[in-house]
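Colleague:
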Amino acid sequence: MTIDNLVPESWPEDIVTALDEWRQGHLIEGDLGAWLCAAGRYDPVTGEDMPDDECRLVAAAAGVSDVGYLVVVSQTCDIAATGPGARHPFVQVCPVRDVGSAFTPAKVQQIRSGQIVEYVYLTKPPVSGRDWAVDLRISMPLSKGALVAAQPVEGFATENDELALAARVAAKFERPALHDYLSKNLIGSLEGLLSKARGSHDWCDDVEQLRLQVEGTRLTPQRVRLIVVTDIDFNGILITKKKPLRELWKSHKNALRALGIEQDPIAFRTLDKMSVADYRNSIPLNLRALGRGNFA
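Listed below in structure tokens is the structure:
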């Protein structure tokens with residue numbers, strides 16, 4: 347069997363109408379999650395003893411939402427029964443977590459501002475005043491028949507909030523793998539600098555995004571350049587704003603060279619003057635300390 351065997355030959359009009367009520371970011375009541383494990387052995391990660399089976403993999407299931415809701419994260423066009431959605435019998439859903447009960451206020455604020463990649467804060471939870479978030483660490487297929495049998499529940503206050511969910515889902519899957527030094531040492535030092543600077547140095551407030559230009563492959567780069575994308579021009583009387591990031595970038599030169607990676611000078615680009623080539627040939631760095639929404 348393939349997925350094609352699960353797609354209706356034609357979608358009845360009542361199902362088309364029912365699915366048109368749903369969009370990405372809507373909630374459905376439920377808490378069950380499912381995943382695959384190796385058959386006939388103890389799973390050292392999830393802690394389950396799995397039964398023997400002719401297949402090498404068997405399914406496990408358990409409640410994964412502590413608030414009883416799942417969020418539809420599939421694109422709205424895939425939820426429908428028309429267009430590309432006509433080829434999709436399932437939508438993807440992720441569990442909702444009560445982060446307000448699970449974490450400290452400081453961590454909840456990090457989730458609210460988008461600094462923790464696996465959570466997306468609900469701006470309009472079904473229970474007013476609660477701190478709930480989408481947990482992106484697991485997603486499950488849900489038959490569209492379940493959507494037909496239920497009513498959508500709002501979870502986000504505005505369309506922009508729903509678009510932010512879409513961007514976060516996409517970013518989680520597309521974020522690039524980098525050379526160990528870049529993903530750990532460089533990003534760690536940038537996080538440290540930005541965290542110390544926020545609230546006390548005005549240059550940090552004007553940094554929109556940091557990007558990395560890589561020659562060679564991302565895992566085995568030959569040459570790299572840090573690109574700082576800013577809201578305002580750091581030249582002229584504001585040139586001193588460049589100093590902290592420029593000095594930090596220079597401090598990595600010898601370590602990079604020892605790894606066979608050449609370092610190009612840091613580049614500063616304003617949002618309105620950044621070239622398409624610079625944008626297309628560089629990758630965004632996910633830095634919690636920036637906390638700049640979709641773009642960051």
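Each residue of the sequence shown is one higher than the last, beginning at 347 in the working numbering.
Backbone N, C-alpha and C fix where the C-beta goes; we use that ideal spot for every residue, glycine too.
Jot down the residue ranges of each uninterrupted alpha helix (DSSP H) in the segment 438 to 504, minimum 4 residues, whole runs only, in chain order.
Modeller: The qualifying runs are 445 to 448, 451 to 458, 490 to 494.
Colleague: Under a three-way DSSP split, which group does Leu-524 fall into?
Modeller: Reduced to three states, the DSSP call for Leu-524 is coil.
Colleague: Tell me the DSSP secondary structure of Ile-612 in three-state form.
Modeller: Three-state result, Ile-612: coil.
Colleague: Do Ile-573 and Arg-557 count as a contact pair if the criterion is CB distance below 9 Å?
Modeller: Yes.
Colleague: For Ser-485 versus Val-419, is the C-beta distance shorter than 9 Å?
Modeller: Going by C-beta atoms, Ser-485 is nearer than 9 Å to Val-419.
Colleague: Is it buried or exposed for Thr-576, if we count other Cβ within 10 angstroms and need 16 for buried?
Modeller: Answer is buried; the Cβ neighbour count reaches 16.
Colleague: Measure the C-alpha to C-alpha separation of Leu-373 and Thr-348 and round it to an integer number of angstroms.
Modeller: Their Cα atoms are separated by approximately 28 Å.
Colleague: Does DSSP classify Leu-633 as helix, strand or coil?
Modeller: Looking at Leu-633 - three-state DSSP - the assignment turns out to be coil, as it is neither helix nor strand.
Colleague: Which residues in the same chain as Leu-352 place their Cβ atom closer than 6 Å to its Cβ, once the five residues preceding and following it in sequence are excluded?
Modeller: The residues are Pro-435.
Colleague: Buried or exposed: Ala-364, going by 16 or more other Cβ atoms within 10 Å of its Cβ?
Modeller: Answer is buried; the Cβ neighbour count reaches 16.
Colleague: What whole-angstrom Cβ distance do Glu-464 and Leu-482 have, given they're in contact under 8 Å?
Modeller: Going by Cβ atoms, the distance from Glu-464 to Leu-482 rounds to 5 Å, so yes, they are a contact pair.
Colleague: Nearest CA to the CA of Ala-496: which residue from Glu-355, Glu-375, Leu-633?
Modeller: Of the candidates Glu-355, Glu-375, Leu-633, the one whose C-alpha sits nearest the C-alpha of Ala-496 is Glu-375.
Colleague: By how many angstroms is the C-alpha of Cys-440 removed from the C-alpha of Thr-504?
Modeller: Looking at the two C-alpha atoms, the distance is approximately 19 Å.
Colleague: Verify the contact flag: Val-466, CB atom, against every heavy atom of the ligand COA, threshold strictly below 8 Å.
Modeller: The ligand COA is absent from the structure shown, which contains no ligand whatsoever.
Colleague: Going by DSSP, which residues form a beta bridge with Thr-576?
Modeller: Per DSSP, Val-553, Thr-616.
Colleague: Ala-384 and Met-396: beta carbons closer than 9 Å?
Modeller: Closer than 9 Å, so yes.
Colleague: With burial defined as no fewer than 16 other Cβ atoms inside 10 Å of the residue's Cβ, what is the status of Val-466: buried or exposed?
Modeller: Buried is the call here.
Colleague: Excluding sequence positions up to five away, which residues of its chain have a Cβ less than 7 Å from the Cβ of Thr-422?
Modeller: Taken in chain order, the residues that qualify are Arg-369, Gln-370.
Colleague: State yes or no: is the C-beta of Gly-475 within less than 9 Å of the C-beta of Val-417?
Modeller: Cβ atoms of Gly-475 and Val-417: not closer than 9 Å.
Colleague: Around the Cβ of Pro-430, are there at least 16 other Cβ atoms within 10 angstroms (buried) or fewer (exposed)?
Modeller: That one is exposed.
Colleague: Excluding the 5 residues flanking Arg-433 on each side, which residues of the same chain have their C-beta closer than 8 Å to its C-beta?
Modeller: So the list reads Val-353, once near-sequence residues are dropped.
Colleague: Mapping the DSSP letters down to three states, classify Val-410 as helix, strand or coil.
Modeller: DSSP places Val-410 in coil when its eight states are reduced to three.
Colleague: Would you call the CB atoms of Asp-507 and Thr-563 closer than 9 Å?
Modeller: Contact flag unset, no.
Colleague: Tell me whether Tyr-388 is buried or exposed, calling it buried when 16 or more other Cβ atoms sit within 10 Å of its Cβ.
Modeller: Label assigned to Tyr-388: exposed.
Colleague: Please list the terminal residues of the continuous alpha helix (DSSP H) segment that includes Ala-543.
Modeller: Element bounds for Ala-543: 533 to 543.
Colleague: Which of the three DSSP states, helix, strand or coil, is assigned to Cys-383?
Modeller: It is a strand residue.
Colleague: Return the CA-CA distance between Leu-602 and Glu-608, expressed in angstroms with no decimal places.
Modeller: C-alpha separation (whole angstroms): 7 Å.
Colleague: Who are the near neighbours of Ile-462 in its chain, counting only those whose CB is closer than 8 Å to its CB and skipping five residues on each side?
Modeller: Hits under 8 Å: Lys-453, Gln-456, Arg-634.
Colleague: Our contact map puts Ile-629 next to Val-560 with C-beta atoms below 8 Å; I'd like the distance itself, whole angstroms only.
Modeller: Right, the Cβ-Cβ distance comes to about 7 Å (below 8 Å), so this counts as a contact.
Colleague: Helix or strand or just coil, what does DSSP make of Ala-405?
Modeller: Ala-405: strand per DSSP, three-state reduction.
Colleague: What's the gap between the Cα of Gln-568 and the Cα of Ala-604?
Modeller: The alpha-carbon atoms of Gln-568 and Ala-604 are separated by roughly 12 Å.
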